[in-house]
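Presented below is the structure to which this report refers.
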Amino acid sequence: MKLKEAVKILRSKNAGVWHITIDIVFKNKGLYERAKTRLSRDYFCTLFNRKSVDYFECDGINTLKVSFLRDAAAGSISDTDCLGANFYIPLLDVEI
Amino acid sequence: MVKALSLMGQLGYGYNKDSFIKAIDEGVDYIGVDAGSIDSGPYFLGSGNMKANYDATRSDLEFPLITALNKKIPFIIGSAGYAGSDEHLSKFMEIVEDIAKDNNLHFKVAVIHSELDKDVVLDLLKEGKITSYEGNPPLTEDDIKASTHIVAQIGVKRFIESLERGSDLIVGGRATDASIYAAYPLLKGCNPALVWHMAKIIECGALCAKPASPSDALLGWIDDEAFYLKPPNEMRRCTVDSAMAHALYENTNPFVIEEPDGTLFLEDAKYEQFDERTVKVYGAKWRERERPTFKIEGAKRSGFRTIAIMGVRNPDMIAALDDILGDVRQQAENRFGNSFTLNFRQYGKNGVLGSMEFDGSLHEIGLIVDVVADDQSFAHKVCSVVKSTLQHYDYKGRIATGANVAFPYSPAEIDVGEVYEFSVYHIVEEDLNDYFRLEEIEF
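Those protein sequence lines, which keep their order, are chains C and L.
Just remember that this note's numbering sits 1296 ahead of the position in the first sequence, which is counted from 1.
Just remember that this note's numbering sits 930 ahead of the position in the second sequence, which is counted from 1.
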């Protein structure tokens, strides 16, 4: 099953000007638990090419949250996405 | 019980007048609205310009303010003028003054300044009181000196003082969104954990309702055991999911929210559907800081931008485009040195995700030649030369010798103007409240 089929919300957004945060809110507990066995901190480090990410498993609300530093502050000359709202795209078709 | 009305997610987006009237008829203790953000990038802080212009701001402010004054409901605005510099506050106050004059209104305004003098920030840096924000690059003296404006996100203290002094309208400089809404219920002695949690969610207006909207109102009230969220507009409802999802929004950590005045812990928060359109929330914890800390924000001018937009449709050119662009860049550097920044933005290929792009399919590329240089005329010249080199570039196997690219606009070069970048986004471990000047104005 693709991740996009398992979620109610899959979004990214700036958290401040130096961080991206991704919220993955699953449709139910079963899908959330299944995704937890397949996704991990290391998985997101590789996918987003980061040395480290903050990774949260929010059991009470069936949500995974990932936050990481941007390459440059939002709106810098080299930035492509001032709101940081498109960094969830590589996750859409991930198999869980 | 204390009842708050969040007018909308951000002043200037167009508020819902019917929702506002309905909420006022229901009775509220105070009205809050967030008028700014750092979301739209460094331009607004750097330039001192407002994002929502005079007309947009005035049309959202005028009727709600007149109503609040008539009914003696305190009206609290944060991040007035968008980014919180003195320039933003004075542009915002021109609007307030015009509304007062044109409607013959008499009232008391507290203006809370949030801009910091560069020397103050330099001293704080020397004293080792400025730290990185969650791992971003450390602040340097050059960053501070290059900044056009540096502001702090103010906390709740000056808002509370302004309310105590009987201000009818509070025009806050750059402020944490939650501080706008926390001041009044804290002053009235409500439980701080409930206050800060409610304030954190309510600040986006009906963005935390379903259907979501940043341009509609939200009611929030606090009693002894919980707080409650309900949109006045009957077509919307607050659900457990919508409120919970909003608590995650724009925070790096889902359980911990740092404010200048303390830390909010959400791990044990409970969300319940109270009635069809109302959510009941309780259970968060709040730890007051012994000494407040502040996030400071600054922006600097990095030059002037000229862009040219063009479409590339020829498959042979698309296949060779990376090499072509590399060579065109080299030619530009040979001619002009490296006193400019050149970005090729390739929409349809990797314009959005950049190095993270994984989909290789393409048949057409929207190409933006993006040049930033120290002055507008030089940026224009470089952009123009690069554009023309691309137009006539004789790549291998070229059979179409007319022009390589399609220009939608004449002229192709567009001068975009000043370019700003964030230069400061750091934490100050020192109580800055004394720097946040409280100015009282009577109309």
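Every residue gets a Cβ at the ideal spot worked out from N, C-alpha and C, and that includes glycine.
Owing to the predicted nature of the structure, the values given are computational and were not obtained by experimental measurement.
The segment 1090 to 1098 of chain L makes contact with the segment 998 to 1018 of chain L: 3 or more CB pairs, one atom from each, lie closer than 8 Å. Under a criterion of Cβ atoms nearer than 9 Å, no residue of chain L is adjacent to Ala1302(C); the nearest Cβ is some 15 Å distant. Of all residues in the segment 1049 to 1073 of chain L, those with a C-beta nearer than 8 Å to a C-beta of chain C are Tyr1063, Glu1064, Gly1065 and Asn1066, reading in chain order.
A direct Cα-Cα distance of roughly 11 Å separates Phe1373(L) from Asn1033(L).
Classified as buried, Val963(L) has 16 or more neighbouring CB atoms from the shown chains inside 10 Å of its CB. Interface with chain L (9 Å Cβ-Cβ cutoff): Thr1376(C) is included. No Cβ-Cβ contact shorter than 9 Å links Asp1355(C) with Asn1183(L).
Contact annotation: Val1316(L) and Val1301(L) have beta-carbon atoms nearer than 9 Å.
DSSP, reduced to helix, strand and coil, places Lys1347(C) outside both helices and strands of the structure shown, so it counts as coil. In the same chain as Glu1287(L), and ignoring 5 residues on each side of it, the C-beta atoms closer than 6 Å to its own belong to Asn1280, in chain order.
Within 7 Å of the CB of Thr1182(L), the CB atoms of chain C belong to Ala1311, His1315, Thr1317, Asp1350 and Ser1363, in sequence order along the chain. Here Gln1276(L) is buried: its Cβ has 16 or more other Cβ atoms, across all protein chains shown, within 10 Å. Bounds of the alpha helix (DSSP H) holding His1018(L) are Asp1016 to Asp1032.
Counting only unbroken stretches of 4 or more residues, the alpha helix (DSSP H) elements lying wholly within the segment 1105 to 1136 of chain L are 1107 to 1117 and 1122 to 1132, in sequence order. Counting along the chain, Glu992(L) sits inside the alpha helix (DSSP H) bounded by residues Tyr984 to Lys1001.
Ile1080(L) sits close to Val1051(L), with the two beta carbons spaced by under 9 Å.
The straight-line gap separating the alpha-carbon atoms of Phe1266(L) and Leu1251(L) is approximately 22 Å. Around the CB of Leu1388(C), fewer than 16 other CB atoms lie within 10 Å, so the residue is classed as exposed. Secondary structure note for Glu1155(L): it is in no alpha helix (DSSP H), with a DSSP letter that is neither H nor E.
Per DSSP, Ala1303(L) is one residue of the beta strand (DSSP E) stretching across Ile1295 to Ala1303. When the alpha-carbon of Phe1383(C) is set against those of Ile1392(C), Ile1373(C) and Val1362(C), the nearest one is in Val1362(C). Of the residues assessed, Gln940(L) falls on the buried side of the cut-off, its CB having 16 or more other CB atoms within 10 angstroms. Under the three-pair Cβ rule at 8 Å, the segment 1369 to 1386 of chain C does not count as touching the segment 948 to 957 of chain L. Of the residues Glu1370(L), Ala1147(L) and Gly1102(L), the one whose Cα lies closest to the Cα of Ala1082(L) is Gly1102(L). Bounds of the alpha helix (DSSP H) holding Met1174(L) are Val1170 to Leu1178.
Burial check for Glu1206(L): the Cβ neighbour count within 10 Å stays below 16, so the residue is exposed.
In this structure the segment 1217 to 1235 of chain L touches the segment 973 to 980 of chain L; the number of beta carbon pairs closer than 8 Å is three or more. In summary, the residues of the segment 1337 to 1349 of chain C whose CB is separated from some CB of chain L by less than 9 Å are Leu1343, Phe1344, Asn1345 and Ser1348, in the order they occur in the chain. In the DSSP annotation of this structure, Lys1059(L) is not part of any beta strand (DSSP E), being labelled neither H nor E. Judged by their CB atoms, Met938(L) and Ala1136(L) are nearer to each other than the 9 Å cut-off. Cβ contact annotation for Ala1303(L) (same chain, cutoff 7 Å, sequence separation greater than five): Gly1233, Phe1234, Ser1269, Phe1270, Ala1309 and Val1312, in chain order. DSSP, read as helix, strand or coil, puts Ala1142(L) in coil. In the structure shown, the three-state DSSP call for Phe1364(C) is strand. Under DSSP, Gly1356(C) forms no beta bridge with any residue. Take Gly1014(L), set aside five residues on each side of it, and the residues of its chain with a beta-carbon closer than 6 Å to its own are Ser1044, Val1081, Gly1103 and Arg1104, in chain order.
Within the DSSP secondary-structure output, Ile1100(L) pairs in a beta bridge with Ile1006(L) and Ala1040(L).
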